[in-house]
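These notes concern the structure reproduced below.
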Amino acid sequence: MTPGTHDVITDELVQQHGLSPEEYQRLLDVLGREPTIVELGVFSVMWSEHCSYKSSRIHLGRLPTTGPRVLIGPGENAGVVDLGDGYAACFKMESHNHPSYIEPYQGAATGVGGILRDVFTMGARPMALMDSLRFGRLEHPKTRGLVRGVVAGIAGYGNCMGIPTVAGETRFDRSYDGNCLVNAFCCGIVPSDRIFLGTTGAPGNKVFYVGAGTGRDGIHGATMASTEFGEGSEEKRPTVQVGDPFQEKLLLEACLELMEGTAIVGIQDMGAAGLTSSSVEMAGRGGRGLLLRLDQVPMRETGMVPYELLLSESQERMLIVIEPGREQEVLDVFRKWDLSVAEIGEVTDDGVWRCTWHGEEVAAIPVAVLTDAAPKYDRPQQAPPALPALPELVDPDPFGRLLVVLADPDISDKQWIWRQYDHQVGTDTVVRPGADAALVRIKGTAKHLGFVCDSNGRHVYLDPFVGTAGQVAECARNLACVGATPVGLSDCMNFGNPQKPEIMWQFARSVDGMAEACRALDVPVISGNVSLYNETDGVGILPTPGLAMVGLYEGPTPGVRARFSEGLEVALIGELGRGWLAGSVYARLMGFDRHGAPPPVEYTAERALHVALRALVAGGVVEVAHDLSDGGLLVALAECTLDGVGGRFDFATDAGTLYGEDHGRALIAYRPGARDRVSELLAGVHSEVIGQTGGSRLAVGHRTVDVADVARAWGHSFPDWLAGTSPTR
Amino acid sequence: MSARVAVVTFPGSNCDADLRHAVALFGMDPVAVWHKETTLPRVDAVLLPGGFSYGDYLRCGAIARFSPVMADVVAFAGRGGPVLGVCNGFQILTECGLVPGVLLRNEGLTFQCRDVNLRVEGRETPFTRDLVGQTLRLPIAHAEGNWFADPETVARVEGEGQVCFRYLGNPNGSLHDIAGVSNTRGNVVGLMPHPERYVEASLGGVDGSGVFRSLAASVGNPPIGANA
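Residue numbers (the numbering used here), protein chains in the order written: chain A, 1394 to 2122; chain B, 4 to 231.
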């Protein structure tokens, strides 16, 4: 679909561009004339769900986005929070779901590339990556290939860039059979007084194009990502971009080098909708017009036309605005790094976004028409019918089911994945993948950043409000286990078709649950993105708000782990539990995964728990801190035995106590000599001693299991499935 | 006066800053050298860092060996100057022919980032003084670390004591479990594991320290006990 410049705009052409008849009428009204074909292409991407957030914008406004540390909230390439002493953290999470399903390696790779650019565009040197992944059932014929391709793509890009991938999460559910989720997160460090924005400055400023040349890849990617999949989705492969991490590494170094000087007025990465979106956004923020001479754009294919140049999503490209007279500085730096660099236009004072092609005007649209006048919908919402309650689960031997629970793909060992990611490059990774949260130091300071990403689509499906609030609480709890206090959250909202009232209801309730929990736990939402239309043949995914939370810890590197050593006393902070099984892994394994309500969050107790955990970890009082989440108490204990040291515990062995997934709980273990200090720091927080570590068996009451069997069940199931040597479960 | 240690940055190098950090921790003076330089500054040793020079789009290291600075690195090595290549740096050294063998795709075909145990062997080099016979735990992070050579070369390398580091538990299919080799003279060493990643206890290990202490001693740097 690459029309010429003078085609007649037919209804069919409008439809191919993803605009509804009403939206096209709106376009005619605000533009006051019929668009050229080039302009139609521009509207199609700028008014796509992906770029305009037309279904979600009115809801996202309810999230808390401010706080004493917030320097830049949502709306820029990434959010920024102040870390003190002149340092700031710049981070964002973004989806690359649709492209990753169509072409797993390149889709995932360019997801990583895109999020890296969002961060270094702001002047930040990237210091950590995370990924949140969702795939369909193990027995689905596409799942294995998608897992291999996506993981290889993330590894291929992140490793080459030399940015450590320090944490992540991967889960499986039948609802993702036809729509995998790939959410990539990046955080960088930027001097708090040297943050760069995507703006234009005054008229007369020069617009430079830097980075890789423009090709024909990824044309209409944003439009593709704004529709459901159906028959023939594989044919959309040409809309997927192709990544070149080597170019991006050069681009990173060149941009940061230029940023050391004062030449840059504004800088913006070319992501979704490429040159169009980046230039329009800059003009919008700067309140100016822009003139682009498209024939000056560096191209890597011959015969390209304006329509293609404007809509290509070729990777590893940036727009830079500088003051006149500073051109040589830009040329010198980018030539040093052997990158394309070209002056392609200038800032104007008429508020019009204008493109020429060898002197002839091919597009002229008022900037406000593309941005502020974009459709904004308050789509109808409808609560779905109530779900059946969780029936009484009949299980004569819940303890005996432990090895099956540990082998579940949502719980079992994912080393096969994270060993393919360089998680140590940069020599700052203090707590590595596989822990509750990662911890990465900032060299030359006592500051460390904690990173965690989490989302539990099953809990959100059962109740979007409560389920999402619970995830926020769990992220903060994970950070507390490495001593870190939350400083901000980035959200990646993965949902189905928003034109269905039940999906829109899920979305709105999820936003409200996140807002409530973020307010209660003092976590501002500083960046994020929305991915809708994650549906295939009319069936949507579990509502999956991917959350990535960043925390700050200051002090000597904490020695805390999530593995037992000999001779420790073990306590549970929080209640032994109400045995909340609805939404749990255990209930799913018993055949009831869409039943009941998810566990509620009690903010007062949750906050007190986080404060106590952070004090225990920062003070070096505990040797072990581990959050209770998927699989509940018994799984958390079993995970602590994976270094081969077991323990003897005393509590009831009913299914609810063993596998209930109530919030507000964590395990700690400490030397008996530290008991008084622990009690002191736990004053006012409910806790109880539940046992001691030691030996090679995990014993609860009179039931025991060998820790070697625990390690085997947990460690072998995922690689065996990938190798095709195990049954699918 | 501190010894000056060059760390070359190729386009796509990404462990150059890590190496400079480690060099400084052990009291030496790291000197960043851009690959387009045609001569090395006055230095006492040269380190080639890990990463993906030129994207590793051809064979790893195959393009970097033609970087302008490499002619002078080869000359420096020819004068007996200490040269160390880590990971991609090792790959570049094999492409220049400064150390024997080539590095193939890992046997398991995937990138591997994890700890390995190594035995330090062979004759002493500027990077393995007082280390021979020791077992070290160091991280690897590579997709192409599977060392290979023809049988004659393997026999010669083994016979001349050029194997400096040998895996205890082979992670990549490398012939004779070889993790690192030197040239015949012993002044040029390449290895796949990353000693610079394990020089601080808070990062998970200090077994890389010996390599930097050895270098400091070899270039006459005053000994210090750097170890944060």
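Think of the CB as a built atom: it goes at the ideal place given N, C-alpha and C, for glycine as much as any other residue.
In this text, all values refer to a predicted model and were calculated from it rather than measured experimentally.
Per DSSP, reduced to three states, the secondary structure at Leu2027 (chain A) is helical. Excluding its 5 nearest sequence neighbours in each direction, Pro1717 (chain A) has C-beta neighbours in its own chain below 8 Å: Gly1597, Asn1598, Lys1599, listed in chain order. For His2095 (chain A), the number of other beta carbons within 10 angstroms of its own is below 16, and it is reported as exposed. Counting C-beta pairs with one atom in each stretch, the stretch 2075 to 2090 of chain A and the stretch 1771 to 1784 of chain A have fewer than three that are closer than 8 Å, which means they do not touch.
Here Pro1467 (chain A) carries a strand assignment [DSSP, helix/strand/coil]. The DSSP-derived three-state label of Met73 (chain B) is helix.
Looking at the backbone, the Cα of Val184 (chain B) and that of Tyr1946 (chain A) are separated by about 41 Å. A distance below 8 Å between beta-carbons, with the five flanking residues on each side excluded, links Glu1646 (chain A) to the following residues of its chain, in chain order: Trp1730. Between Ser1733 (chain A) and the set A:Asp1725, A:Val1740, A:Glu1739, the nearest pair of CA atoms involves A:Asp1725. Note that the stretch 210 to 224 of chain B does not touch the stretch 151 to 160 of chain B; fewer than 3 beta-carbon pairs, one per stretch, sit closer than 8 Å. Distance from the CA atom of Val1833 (chain A) to the CA atom of Leu1842 (chain A), rounded to whole angstroms, is 5 Å. Bounds of the alpha helix (DSSP H) holding Leu96 (chain B) are 91 to 99. Nearest C-alpha to Ala2001 (chain A) among A:Ala1866, A:Pro1699, A:Thr1749: A:Ala1866. By the criterion of a C-beta distance shorter than 6 Å, Leu1687 (chain A) is surrounded in its chain by Pro1699, Leu1702, Cys1748, Trp1750, once the five residues flanking it on both sides are discounted. Phe69 (chain B) is classed as exposed because its beta carbon has fewer than 16 other beta carbons within 10 Å across all chains shown. Listed by position along chain B, the residues whose Cβ is nearer than 8 Å to that of Pro1638 (chain A) are Phe55, Gly58.
Residues of the stretch 1812 to 1826 of chain A that bring their beta carbon within less than 9 Å of a beta carbon in chain B comprise Arg1812, Gln1813, Tyr1814, Asp1815, His1816, Gln1817, Val1818, Gly1819, Thr1820, Asp1821, Thr1822, Val1823, Arg1825, in sequence order.
Cys1748 (chain A) is bridged by DSSP to A:Leu1685, A:Ala1756. Under the three-state reduction of DSSP, Asn1922 (chain A) is assigned to strand. Three or more beta-carbon pairs separated by less than 8 Å link the stretch 2061 to 2070 of chain A to the stretch 1998 to 2016 of chain A, which places the two stretches in contact. Between Gly1876 (chain A) and Leu2027 (chain A), the alpha-carbon positions lie close to 23 Å from each other.
Secondary structure of Glu203 (chain B) (DSSP, three-state): strand. Within the stretch 1945 to 1973 of chain A, the residues whose Cβ lies closer than 7 Å to some Cβ of chain B are Thr1950, listed in chain order. Under a criterion of Cβ atoms nearer than 9 Å, the residues of chain A adjacent to Phe114 (chain B) are, in order, Ala1545, Ala1548, Gly1549, Asn1552, Arg1812, Gln1813, Tyr1814, Asp1815. According to the DSSP secondary-structure assignment, Gln1708 (chain A) is paired through a beta bridge with no residue. When secondary structure is reduced to three states using DSSP, Ala1964 (chain A) falls in the strand class. When the five nearest sequence neighbours on each side are left out, the beta carbons in the same chain lying within less than 7 Å of the beta carbon of Arg1419 (chain A) are those of Pro1768, in order along the chain. Of all residues in the stretch 184 to 213 of chain B, only Glu199, Arg200, Ser205, Leu206 place a beta-carbon less than 7 Å from a beta-carbon of chain A. Taking all protein chains in view, the Cβ of Asp1847 (chain A) is crowded by 16 or more other Cβ atoms within 10 Å, so the residue is classified as buried. By the C-beta density criterion, Met1983 (chain A) is buried, having at least 16 other C-beta atoms within 10 angstroms.
Residues Ile1715, Glu1716, Arg1719, Glu1722, Val1723 of the same chain have their beta carbon placed closer than 8 Å to that of Ala1656 (chain A), with the five preceding and five following residues left out of the count.
Annotated three-state conformation of Thr2034 (chain A) is coil, per DSSP. In this structure Ile1582 (chain A) is in contact with Ala1482 (chain A), their Cβ atoms being roughly 6 Å apart against a cut-off of 8 Å. By alpha-carbon distance to Thr1861 (chain A), the top candidate from A:Gly2088, A:Met1886, A:Phe1844 is A:Met1886. Counting of Cβ neighbours within 10 angstroms places Ala1779 (chain A) among the exposed residues, the total staying below 16. Rounded to whole angstroms, the Cβ separation of Met1486 (chain A) and Asn1576 (chain A) is 6 Å, and the two are in contact under 8 Å.
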